[in-house]
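Here's the structure, in structure tokens; my notes come after.
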Amino acid sequence: MAVGAGGWQGELLDLEGYLGRIGFRGERAATESVLRELVRAHVTALPFENFDAVLGAAIPLDVPAVQDKMLRRGRGGYCYEHAVLFAAALERLGFRFTALHGRVTLGSEKATP
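In case it helps, numbering that gives the first Met the number 0 puts the sequence shown at residues 0 to 112.
As structure tokens, then:
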């Protein structure tokens, strides 16, 4: 699915807060080197956590809710939360990208939908 301007709610992202939280001080340009730096900074600074899912709590996936949890409250997030936050940042920085969905099937002999 190709996503254009506004598709990831990038306009709602506190870009300064996000870049500060991940410790990114690099150039703000849609280049391969910046993408590599952003990925490294994101995965280093923002942990994976699924406490809410384990507790059965609702997990909103809109940018304001995700950035409140991961930027303002200093928590981590699960895969979809990371994807929403990172995609919003990429959109704000001018990257054009295609979103793909994946699934882990460890131990499975046959991939299922």
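All C-beta atoms in this analysis are idealised placements derived from N, C-alpha and C, irrespective of residue type, glycine included.
Buried/exposed call for residue i, threshold 16 Cβ in 10 Å
{"i": "LEU60", "result": "exposed"}
{"i": "ALA87", "result": "buried"}
{"i": "VAL62", "result": "buried"}
{"i": "PRO91", "result": "Strictly speaking, residue 91 in this sequence is Arg, with Pro absent from that position. Label assigned to ARG91: buried."}
{"i": "VAL65", "result": "buried"}
Option nearest residue i by Cα separation, candidates the options
{"i": "ILE58", "options": "GLU80, LEU45, LEU37", "result": "GLU80"}
{"i": "GLY22", "options": "LEU12, GLY9, LEU45, ASN49", "result": "LEU45"}
{"i": "ALA82", "options": "GLY101, ALA29, GLU26, ARG24", "result": "GLY101"}
{"i": "ALA40", "options": "SER107, PHE85, LEU105", "result": "PHE85"}
{"i": "ALA147", "options": "SER107, PHE96, TRP7", "result": "Nothing can be reported for residue 147, as the shown portion of the chain is limited to 0 through 112."}
Identified DSSP bridge partners for residue i
{"i": "GLY76", "result": "PHE47"}
Beta-carbon contacts of residue i that lie in its chain and below 8 Å, excluding the five residues immediately before and after
{"i": "LYS68", "result": "ARG74, GLY76, GLU80"}
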